[in-house]
Amino acid sequence: MSMDTHFDADNLKSIREPAGHGGESGADRDEEKEEAAQIGEQVIERIDRGTEQMRQAERRKYIDDSKKTYLYSRCRRRLKYAFYLPTELEREYCMGKRTIKDIVVTCHIMQPCNKWHVRGERRRPIIPEFKYLLRGETTLHELRDKFLCSADFCTMVPDYEDATDSSVYHVEQYPSNFLFIHDTFYIDTRKANSQDISKNIREFMARNRSEFGPTKVVNMEGVRIRDLNFRLGFPYNYTHQGLCEHLFQFTDLRLMNAQDEERLVDYPIKVFDQSRAPKCAACKMNAPAFVVQNSDRLPETLMLMCNVCFKTFHYENDKRIGTFNAYHYFCPQ
Ligand SMILES: [Zn+2]
Ligand SMILES: [Zn+2]
């Protein structure tokens, strides 16, 4: 849109050039001044009107664009395979080729939601974070290793001590975990110091038989996807670090096609990734390296910070400033 700011050049001249040259009378000069002031007001009014029109046009365009973006993202969200990785979407279709007799199933690992719901707050939908293709021959250990959680990579080593040894991380110190599928607790016993952390849950369920059916406990070792008893689309649970829970579900169970990968070592195949790696709370760019607690220089009780921001905020000439607790952390993504 063009702005109509054109006005008479003679009028502008009359504004710019002071009146009174050529021995005119005082009354004439006053009249000219008044006229010039009027023209100036008219010009300002036109400019204001033009600016307002431009602002309204920009706002209309912004609303139109956001409506289009919203509709596009909404339509795209409804498409089942829209966010699959290109490697999976571009897989070629092979006609008439024989392949291995096995099944393929998709496993959805949901985004963790460990925040208490506040009354009146809008509920966040539980959406997948990762999707993997599993073969019937894939083991439960291979599936379990696909659960990445920051709780595994925390330490209790303070910032002034060395944390280069992997044994200080929680994944090594507290490796106990289980997968609960249908009616069975599959216990991971690969690490020497792992325990059966489902024991208390099973005892609680046994005491409340009216609400829970019978359950089984099985070692995860050697169990394959084809051995499982599960319902498609039903939520199951992975628990680790005592109380950290992750939901997952199986969908799209089918026979293997000729276009599927045949090599078992390639499975689980990642076909969908909507994960967001945690970032430093200060710079929002770097991977966090410290968990900072109860710092009197930070707005929140617990914050993740990168090495640079942490040192800048809490150290001056290698001397600690203020009161805080900080522990080493490793970003898994
Ligand atoms: Zn977790
Ligand atoms: Zn930072």
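Residue 1 is where the sequence shown starts when you use the UniProt record's numbering, and the numbers rise one by one after that. Virtual Cβ for every residue (Gly too), placed ideally from N, Cα, C. Quantities reported herein were computed from a predicted structural model and do not represent experimental measurements.
Residue i burial status per 10 Å Cβ neighbour count (16 or more: buried)
i	result
Ala-289	buried
Lys-131	buried
Ile-47	exposed
Asp-65	exposed
Glu-90	exposed
His-21	With a pLDDT of 48 at His-21, under the threshold of 50, the predicted position of this residue should be treated as unreliable, though the coordinate-derived value follows. Exposed.
Met-95	exposed
Gly-242	exposed
Thr-301	exposed
Ala-326	buried
Ser-167	exposed
Pro-158	exposed
Ala-36	buried
Thr-323	exposed
Gly-23	Caution is warranted here: a pLDDT of 49 is assigned to Gly-23, below 50, making its placement in the model unreliable, and the coordinate value is therefore given only provisionally. The residue is exposed, with fewer than 16 neighbouring Cβ atoms inside 10 Å.
Ser-129	For the sequence presented, residue 129 should be read as Glu rather than Ser. Counting Cβ neighbours within 10 Å, Glu-129 comes out buried, since at least 16 surround it.
Ser-295	buried
Tyr-315	exposed
Leu-79	exposed
His-170	buried
Gln-54	Residue identity check: residue 54 is Met in the sequence provided, not Gln. Exposed, by the Cβ-count rule.
Tyr-81	exposed
Met-285	exposed
Closest Cα partner of residue i within the set the options
i	options	result
Tyr-329	Glu-316, Lys-311, Asp-145, Ala-287	Ala-287
Tyr-84	Ile-39, Leu-133, Ile-126	Leu-133
Cys-154	Val-292, Glu-316, Val-118	Val-292
Phe-185	Arg-144, Ala-163, Asn-325	Arg-144
residue 348	Phe-272, Val-171, Cys-309	Any answer about residue 348 is impossible in this case: the structure gives the chain only from 1 up to 333.
Gly-233	Phe-248, Ala-57, Gly-50, Leu-179	Phe-248
Leu-255	Arg-297, Gly-136, Thr-51	Gly-136
Met-110	Tyr-238, Tyr-70, Glu-58	Tyr-238
Asp-102	Asn-294, Asn-257, Asn-307, Leu-298	Asn-257
Asn-219	Gly-120, Ser-198, Asp-266	Ser-198
Phe-180	Phe-250, Phe-313, Tyr-62	Phe-250
Glu-172	Tyr-160, Met-156, Asp-162, Gln-38	Met-156
His-141	Pro-268, Lys-67, Lys-284	Pro-268
Lys-262	Lys-97, Glu-34, Leu-79, Trp-116	At residue 262 the sequence reads Glu, which differs from the Lys that was named. Out of Lys-97, Glu-34, Leu-79, Trp-116, Lys-97 has the C-alpha closest to the C-alpha of Glu-262.
Cys-283	Asp-266, Cys-306, Asp-296	Cys-306
8 angstroms contact criterion, which residue i and residue j should meet: CB distance rounded
i	j	result
Val-105	Asp-252	7 angstroms
Cys-331	Ala-277	6 angstroms
Val-217	Asp-183	At roughly 10 angstroms, the Cβ-Cβ gap does not stay under 8 angstroms, so Val-217 and Asp-183 are not in contact.
Gln-274	Leu-148	Contact doesn't hold; Cβ gap of about 13 angstroms is too wide.
Ser-194	Ser-176	5 angstroms
Ile-225	Thr-99	Their Cβ separation, rounded to whole angstroms, is 17 angstroms, which puts Ile-225 and Thr-99 out of contact at 8 angstroms.
Tyr-107	Arg-124	The question names Tyr, but residue 107 is Cys in the sequence shown. Not really, about 22 angstroms apart at Cβ, beyond 8 angstroms.
Phe-204	Asp-188	Rounded, the Cβ-Cβ distance is 21 angstroms, inconsistent with contact.
Asp-152	His-246	Not a contact, Cβ separation roughly 11 angstroms.
Thr-215	Arg-202	6 angstroms
Residue i Cβ short of 7 angstroms to ligand 2 heavy atom set
i	result
Cys-331	no
Asn-237	no
Gln-308	Rather than Gln, the amino acid found at residue 308 in this sequence is Val. Val-308 Cβ: within cutoff of ligand 2.
Met-305	yes
Ala-326	no
Ala-277	no
Asn-219	no
Asn-193	no
Asn-317	no
Asp-177	Note on identity: in this sequence residue 177 is Asn, with Asp being the wrong assignment. No, since every heavy atom of ligand 2 falls outside the 7 angstroms radius drawn around the Cβ of Asn-177.
Asn-208	no
Asn-229	no
Asn-200	no
Asn-257	no
Residue i CB to nearest heavy atom of ligand 1 below 7 angstroms
i	result
Pro-112	yes
His-108	no
Ala-151	yes
His-314	no
Cys-94	no
Cys-154	no
Cys-283	no
His-246	yes
Gln-293	no
Gln-249	no
Gln-241	yes
3-residue-minimum beta strand (DSSP E) runs that sit fully inside the segment 87 to 153, ordered along the chain: 103 to 110, 128 to 135
Length-filtered (4 minimum) alpha helix (DSSP H) runs lying within the segment 190 to 269: 199 to 207
Every unbroken alpha helix (DSSP H) inside the segment 292 to 319 [4 residues or more]: 307 to 314
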